Each structure stands twice: as C-alpha cells, then as structure tokens.
Amino acid sequence: MTPAIVWFRRDLRLKDNPALCAAARRGGPVIPVFVLDEEGEGRWAPGPASRGWLHHSLRSLDLSLRERGSRLVVARGGSLEALRRIARRTGARAAYWGRRYEPAALAGDRAVEAALAGDGIDARSFGGALLFEPESVANREGGPFRVFTPFWRRCLELPVAAPERLGAKGLAAPAAWPESLDIDALGLLPRKEWDPGLAESWRPGERGAAARLKRFVSRAIESYAADRDRPDLDGTSGLSPWLHFGEIGPRQVWSAVRALSRESGVFPPGNGARAFLGELGWREFAHHLLFHFPDTPESPLRPAFGRFPWGGDPGGRMLGAWQTGRTGYPIVDAGMRQLEHTGWMHNRVRMIVASFLVKHLRLSWTHGAKWFWNTLVDADLANNTLGWQWSAGCGADAAPYFRIFAPVRQGMRFDPAGAYVRRWVPELAKLPGAFIHCPWKAPADALAAAGVSLGRSYPRPIVDHAAARAAALGAFRSLRAGGAA
DNA sequence: TTTTGAGTTGTTCGA
DNA sequence: GTCGAACAACTCAAA
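Its first residue numbered 93, the first sequence is counted upward by one per residue in our numbering.
Structure (structure tokens):
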C-alpha cells in the first residue's frame, strides 16, 4: 500500500483530526508533514508572538507522533513544491489536510489540490477547524449573514459532528522517512521569552489544550457569564491560542460542554455554558465573514468608512504611547503591558484598548490590527479582523457609533479593586483604590505617599476623555448619509 | 409583500 | 443614589 501524506496546517493535533483519521483508515503508511510557507500567507505571515507559540506546538506535535511510532516531517518554502518533493521521495499517492479559510490560504489550497490531482495524487481537504463550514450557513436569500444573532440561531439548528477518533494502533511508518528540517532551523523562537510566571500556564500543544479545557469546564464555566468580563479574575477559558493552531478543535470543546448536560439533559447546561458556546459562535462568525468578505483584513466592510476623518499623529507619538502602555489611562496601559509581557490580553480589555485607539486617539483600526497581529500568541486573521472592525464600528454587526468606552468607568466596573492595574502597572500599585483608575484626580499627598510622580513615573492622560469623546462623536456623525459634517 | 422589531460587550444627562 | 431616554443606520427574520 502506498503512503499518504497528512499535511498539518491549523490542526496541530492527533485527536479529532479528520485528515489524519482518513489517512490512518486508508491502511498504508502515514507521513505527517508541516510546511512553513511564509509566502503562502500573503500579507499576513504570522508575527513574532505567534511564531514563538508555533515553535513549541510543533515540538509537541512531533513528540506525540513519536509516541505512536511516527514523526513530523518539517519543510520550509512553497507548500506545493514541498508536498510534491515529499510525494516523489516516498511514493505517496494521497495527500490529506485540514481546510483553512484565510483568503491567501484558500487560494493556496485550491492550487495545491489541482496540482496534486494533476500528478495523479488523491488530494483532499477536510473540515474540522470549524463547527460549521462557511458554505453550509446561509440566510434565506442564500447569502452570508452580517448580523451575529441570526447567524448563530441558524447554526444552532444544524447538527454538530462528534469528534473523530484515531484508532489505538500506531501510525504506520513509511519504509524510509524523507529528509526533514529540524524544528529549530525554522527560526520561529522570538528573541524575547514570555513572562516567566505565564510560561507555566502556557503549555503549547495538544496536552496543554486538553488540560486547559478540563480545568475551565470543571471550575470556571458556571460563573463564566459574569466573570468573563473581569480581567482581575481567571474567568475566561484562555483557549484562544490553542484553538487558533488547532491544538484543540471546536468540536472537542463543544463535546466537553455537552458532557456537562449528561445528567440533567438540559443543553446548554447553564448561562455560563451558553455564553461560552456563544464565544465559539463568534469564532465561527468571524470565519464566516472572512470567507465571504476576503477584503476585510485591509478594508472596512462598510464602505462609508473609507472617508472617516482619522486624526493626525505627528511622529507617531500617540500610537507609540498606546503600543507601549503609556497613555496615562491605567486600564488601557495595563492591557497593553499584559500583551507585551505575555502575548495575550483579556478580552474585555481588548475592547477597551481598541475603543481607545479608534475613538479617543482616532487612529485607524488597521494600526491596532497590525499591532495585535504581531504581539498576540493567539493572533488569528478572522478573529482579529472581526474584533477590530467591530470595535471601530465599520464591520459586521458593528458597535453603534456612540458606544465609546470610558476608560475610567470601565476600569472601575470590571477591575473594581484595581488588582489588574496594580499587577501590570506596578508604578501605580500603592495608590488607593479610589484613584487607581484615575491617578490625575488624586490629591498631591496621596500621590506622594504612593511614590507616584505624574508626568515622570507615570504619564498624565495623553488626551482628555470628554474632549476626545466629543471629537469622536463628531467624526462619526460626519459619516451619516449625505456626508454633511 | 410589506412592515416591524430586535440586534454581545456603552455613556451621559436629566429627572 | 437609580432610572429611562437619547444617541444612527442597517441587516435580518418574524409577523
């Protein structure tokens, strides 16, 4: 029996991996392959944080494969060339892989499929990265959805496939392994390591994902509806980087939540679970939108935003202050520094910093999208694009133009004791709770007692909230039909 | 077919 | 202190 190539993409897992299962069922030797194809990513090759995560994930995948008598063959360069080379060396007559949905990856998929088929190879792609394939969800006119709620309602009428299982027997090895690069040779590791405290809870790889899911489902999901908004608590699943790389699949997550309903028979098993599944729904919606509107990573979905009066930023001072967490608004700065140190930011805080960049500083959402792309370990083109366009109000199901987060109010509501700010903005740690979100309002003696020197140890606000809010409302109003300013 | 109501995540103002 | 209204325009689906 001839070998089958399994081309690993965003499905770096052995469980619930339809392409791998199909190759194993075939009965012949299986050749697991990963190709680092930066050209094939178009304008959105993975950024430094994401590459660091990928490095560890590939190591983990290779180890898991070795436990089953197999290994990961690693190549670099054009995907098609690499797959053809390996097929030639090994005599593989089949190549299976998990579908991706980014515009560049989709185009690459089609080209690879056609070319390999032309070589006489059984070339097939499989779903599994999403609960619902983008084509299978359509509105009554047969088109894509642009509003989340009807989209998700429609999805919930469709069946969710159970995770697929790989048989217990090992993966048959080929007579000879083709040559492979060492994972280190891909040069994915960033120069800077993650925050030491966090490196422990970040366990890239399939096992780390399973442990994280198990912990979340048994401990936090019940109170998720309320706690997910609290950056000072550990109330979210934190699964995003693992989901991005497919170290766990959404069907596995779905099935773990479903298992909570076993006794009661009620599904979803509570408000927390319902809210959590809704977040998976947003991930589905993001991919649905990117699939149907492939220009959205660069261009606003709502054309009127082409004439949005963005503010000026001579010397990039404003953008720089935002990126480095020196805006003078503690909740914003805490978020940006958490991102810098850990490669991750709490979702509530992502909304706050995004609103701040777009509405208070009036800098284009594309600046924010690029920064997140390079700094997040969970950087995902679909989710990043939806999130930024949503925040800017130029995307699908857009936030109303008047929804401008007030950084002080948000801080007090969702980080009530200031624990999150104290952790990530340590120069403010000794300020009393009353001023932790607005140090410029603190009396001089309180500042002195806390060792804070405004404008020196911590910046004054780079914009005035009320003035920035008024300017943003005016800018948005200028977009109204007719365009009257 | 047309109309109507609802839609992830907010803030401010005035009663 | 709390509460409701106001702050657009558009998409989608139910009536």
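All residues carry an ideal CB built from backbone N, CA and C; glycine is no exception. The model shown is predicted, which means the values in this text are computed figures rather than measured ones.
- DSSP places residue 554 outside both helix and strand once states are collapsed to three, so it counts as coil.
- Around the beta-carbon of residue 228, fewer than 16 other beta-carbon atoms lie within 10 Å, marking it exposed.
- By the neighbour-count definition (other C-beta atoms within 10 Å, threshold 16), residue 194 is a buried residue.
- The residue from 151, 517, 310 with its alpha-carbon nearest to that of residue 297 is 151.
- With contacts defined by Cβ atoms closer than 9 Å, residue 361 and residue 352 form a contacting pair.
- Look at residue 276 here: in three-state DSSP terms it is helix.
- As computed with DSSP, residue 97 is found in a beta bridge with 123, 187.
- A distance below 8 Å between beta-carbons, with the five flanking residues on each side excluded, links residue 451 to the following residues of its chain, in chain order: 496, 497, 560, 561, 564.
- For residue 214, the pairing in a beta bridge is given by DSSP as 186.
- Look at residue 498 here: in three-state DSSP terms it is coil, with no helix or strand label.
- The alpha-carbon separation between residue 121 and residue 342 amounts to approximately 28 Å.
- When the Cα atoms are used, residue 387 and residue 484 turn out to be separated by approximately 16 Å.
- Distance between residue 333 and residue 295, taken at the CA atoms: about 10 Å.
- DSSP places residue 442 in the uninterrupted alpha helix (DSSP H) bounded by 439-447.
- Looking at the DSSP output, residue 424 sits in no beta bridge, so it has no partner there.
- The beta-bridge partner set that DSSP reports for residue 165 consists of 125.
- Taking all protein chains in view, the Cβ of residue 339 is crowded by 16 or more other Cβ atoms within 10 Å, so the residue is classified as buried.
- CA-to-CA, the gap between residue 95 and residue 156 works out to about 20 Å.
- The alpha-carbon of residue 216 is positioned some 7 Å away from that of residue 189.
- At least 9 Å separates the beta-carbon of residue 247 from that of residue 393.
- Between residue 107 and residue 325, the beta carbon gap of about 30 Å keeps them out of contact (Cβ cut-off 8 Å).
- Measuring C-alpha to C-alpha distances from residue 442 to each of 299, 509, 426, 566 identifies 426 as the nearest.
- With respect to the 9 Å criterion, residue 481 and residue 457 are classified as neighbours on the basis of their beta carbons.
- About 7 Å separates the Cβ atoms of residue 422 and residue 531, confirming a contact at the 8 Å cut-off.
- Secondary structure at residue 546: strand, using DSSP grouped into helix, strand and coil.
- Counting other Cβ atoms within 10 Å of its Cβ, residue 175 reaches 16 or more and is therefore classed as buried.
- A check of alpha carbon separations from residue 527 across 512, 504, 549 identifies 504 as the nearest.
- Counting the other Cβ atoms within 10 Å of the Cβ of residue 201 gives 16 or more, which makes it buried.
- Taking a 10 Å sphere around the C-beta of residue 241, we find fewer than 16 other C-beta atoms and assign the residue as exposed.
- A buried status is given to residue 469, since no fewer than 16 other beta-carbon atoms sit within 10 Å of its beta-carbon.
- A residue is called buried once 16 or more other Cβ atoms fall within 10 Å of its Cβ, and residue 144 is buried on that count.
- Ranked by Cα distance from residue 225, the first of 383, 131, 430, 310 is 383.
- If you ignore the 5 residues before and after residue 364, its C-beta comes within less than 7 Å of the C-beta of 313, 314, 315, 316, 317, all in its own chain and listed in chain order.
- Note on residue 231: under 16 other CB atoms within 10 angstroms of its CB, so exposed under the neighbour-count rule.
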